[in-house]
Each structure stands twice: as C-alpha cells, then as structure tokens.
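Quick notes on the structure that follows.
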Amino acid sequence: MNTPRAITIDGPAGSGKSTLGASLAAALGFVYFDTGVMYRALTLAVLDADIDPSDGTAVAACAERIDIGVQPPTVADGRQYTITLDGRDVTWDIREQRVERAVSTAAGHPAVRVILRAQQRAIGMRGTVVMVGRDIGSIVLPEAPLKIYLDVSIAERTRRRSAELVGRGDSVDEHALYDSIANRDARDAHVMQPAPDAVHINGDTQSPADTLAYVLSLVPTGMRSHP
C-alpha cells in the first residue's frame, strides 16, 4: 500500500484547525485542503434542491450526482481556494448561515460520509497535502505519517468567537454562543473520531504561533523536501 505524503489535522468546530492547517501548508509548501468545504458544498446543493437535510437517502443521492471542485484561488478576494459546485463558484455561498445551520445534519448520514470520504482519500493520496477535518486521521488517511488532533474547550472557543464577532461590530450573547457551540459538538460527536496514534494538542494553553511551531517540529524530515 502506498503511504500518503499527508498531514492530517482533526478537531471540533472552531478549534483553529483550519488556521493551523493553512499555516502549516504554507510553511511546508504543501496543498491545504479543508474537507469541511465538501460537506458545506453538498449541504448548499441539498438546500437549493429543497431536499430535507435529515433525509439520508435523498442527501446521499445528491452527493452521488453533484460535482464538487476544489482548486487554488481564482479571485483575489481573501479566499484560500475556490470551491465549485457543478462548475459554479460557491466559495462564499457555502458560508451562509442556512448552510451553517444544516451542515451537521446533512453531513452526519453514514452513506454521505462514505461517498465524500472516498473523494477525500483520492485527493490525499495524490501528493503533499495538509488535510483538515473530523475523521481524516482515523478513517480517510489512517496511513498518514503525521496525525494531529487539536482540541479546544467550549469556553475558549466561545471566547475566541465572541472576540471575532465584537471585532466586526456585532453584538454577542455569550451564553447563546456557548450553547450553540456545545450543541454543534453534540451533533458532530458521532463523526468526531481522533486517530489512536494522533498527537493531541490542547489549544487552550498554546497560541496559534506556538502550536504551529510545535507541529512543524513533529514533521518527519523526509516530508520537508518533496518534488
């Protein structure tokens, strides 16, 4: 079996795994791929087709027939990559609140995850990549030479999200925000599967810069130079 030249980062929503993944990929010259965008793109397709996100059979059928594309940025508007759905640029559409509310339900169906995991694995086996998600190290790419699980408490994630919203000029109900994050964790619990050999990092006690430096120190020497 070929060993993927990949680094996997798993963790709960809002843990900073996407920021870590993007920074790590940039430092190493790897491709950065947040698998969550695939589930968001599927959820957008489901909602646009008036499919009930809780209907696993219908959502899986939708996943089978749509074409989700992930490529380098095609527009200089702050995006990390361009996401297409059947050829249409949906990079920002998948961040809509309606998608945010439904993605855990749509993505939670076992048949749906089987379909998208196969696509994710194909991407991960192609070359040097930092792949971020919920179950990448445990299920999608268990052979990856370095697997990270980044955990951050609900309280700390609430604090960070609150600061972000206040910084944008939005009002914040911290109790409601805490409950929202806790509820998201509960919905995601059945797909949150840390790999048994993953390196666990507590993001509460380290800054993003310190976390990046630590993970870089774990990267096998052979992965630092690549074609």
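Taking the numbering used here, I'd label the letters of the sequence shown as residues 3 to 229. Every residue gets a Cβ at the ideal spot worked out from N, C-alpha and C, and that includes glycine.
* **Coarse secondary structure for residue 8, derived from DSSP in three states** => In the sequence shown, residue 8 corresponds to position 6, counting from 1. The answer is strand: DSSP assigns residue 8 an E or B state.
* Asked: To the nearest angstrom, how far is it from the Cα of residue 83 to the Cα of residue 92?
  -> Start at 1 with the first residue of the sequence shown, and residue 83 comes out as number 81. Start at 1 with the first residue of the sequence shown, and residue 92 comes out as number 90. In a straight line, the C-alpha of residue 83 is about 11 Å away from that of residue 92.
* Helix, strand or coil: how does DSSP classify residue 153 here? -> As a position in the sequence shown, residue 153 is number 151, starting the count at 1. Strand at residue 153.
* Take the Cβ of residue 73 as the centre, count every other Cβ of all protein chains shown within 10 Å, and call the residue buried at 16 or more, exposed below. => Residue mapping note: residue 73 aligns to position 71 of the sequence shown, counting from 1. Exposed, by the Cβ-count rule.
* To do: For residue 156, collect the residues of the same chain with a Cβ closer than 8 Å to its Cβ; drop the 5 residues on either side in sequence, then sort them by chain order.
  => Within the sequence shown, residue 156 is the residue found at index 154, counting from 1. The residues are 180, 183, 184, 187.
* Asked: With a cut-off of 8 Å, do at least 3 Cβ pairs link the segment 33–52 to the segment 163–173?
  -> no
* List in chain order: all unbroken beta strand (DSSP E) runs of 3+ residues lying wholly within the segment 104–171. => 131–135, 148–153
* **For residue 68 and residue 216, the rounded distance between their alpha carbons** => As a first step, residue 216 must be located in the sequence shown, where it is residue number 214. As a first step, residue 68 must be located in the sequence shown, where it is residue number 66. Approximately 39 Å between the Cα atoms of the pair.
* Asked: Do residue 96 and the ligand HEM come close, with the Cβ less than 7 Å from some heavy atom?
  -> In the structure on display, the ligand HEM does not appear, and there are no ligands present to speak of.
* What three-state label does DSSP hand residue 96 in the structure shown? -> Here residue 96 refers to the residue found at position 94 of the sequence shown. Residue 96: helix per DSSP, three-state reduction.
* To which residues does DSSP link residue 33 through a beta bridge? -> Residue mapping note: residue 33 aligns to position 31 of the sequence shown, counting from 1. Per DSSP, 131.
* Asked: What is the C-beta distance between residue 122 and residue 142, in whole angstroms, given that I count them as a contact (C-beta under 8 Å)?
  -> Locating residue 122 in the sequence shown gives position 120, where the first residue counts as 1. Locating residue 142 in the sequence shown gives position 140, where the first residue counts as 1. The pair is a contact, with the Cβ atoms about 5 Å apart (cut-off 8 Å).
* By the 10 Å Cβ neighbour count, where 16 or more other Cβ atoms means buried, how is residue 219 classified, buried or exposed? -> Counting from one through the sequence shown, the residue named residue 219 turns up at place 217. Counting Cβ neighbours within 10 Å, residue 219 comes out exposed, since fewer than 16 surround it.
* To do: With DSSP collapsed to three states, give me the class of residue 91.
  => Sequence index remark: in the sequence shown, residue 91 carries index 89 (1-based). Reduced to three states, the DSSP call for residue 91 is strand.
* Apart from the five residues on each side of it in sequence, which residues of its chain come closer than 6 Å, Cβ to Cβ, to residue 271? -> Nothing in the structure corresponds to residue 271, since the chain is present only between 3 and 229.
* Asked: In terms of residues, what are the limits of the alpha helix (DSSP H) holding residue 177?
  -> Locating residue 177 in the sequence shown gives position 175, where the first residue counts as 1. Residue 177 -> alpha helix (DSSP H) spans 176–190.
* To do: Give me whichever residues DSSP pairs with residue 73 in a beta bridge.
  => Here the question's residue 73 lines up with position 71 in the sequence shown. Residue 73 is bridged to 84.
* Neighbour-count burial assignment, residue 196, 16 or more Cβ in a 10 Å radius -> By 1-based counting over the sequence shown, the position of residue 196 is 194. Residue 196 comes out buried.
* **Same chain, Cβ closer than 6 Å to residue 222, five either side skipped, listed in chain order** => As a first step, residue 222 is located in the sequence shown; it is residue number 220 there, counting from the start. Contacts found: 147.
* In angstroms with no decimal places, state the Cα-to-Cα distance between residue 229 and residue 126. => Start at 1 with the first residue of the sequence shown, and residue 229 comes out as number 227. Start at 1 with the first residue of the sequence shown, and residue 126 comes out as number 124. In this predicted model, residue 229 has a pLDDT of only 48, less than 50, meaning its place in the structure is not dependable enough to derive any value.
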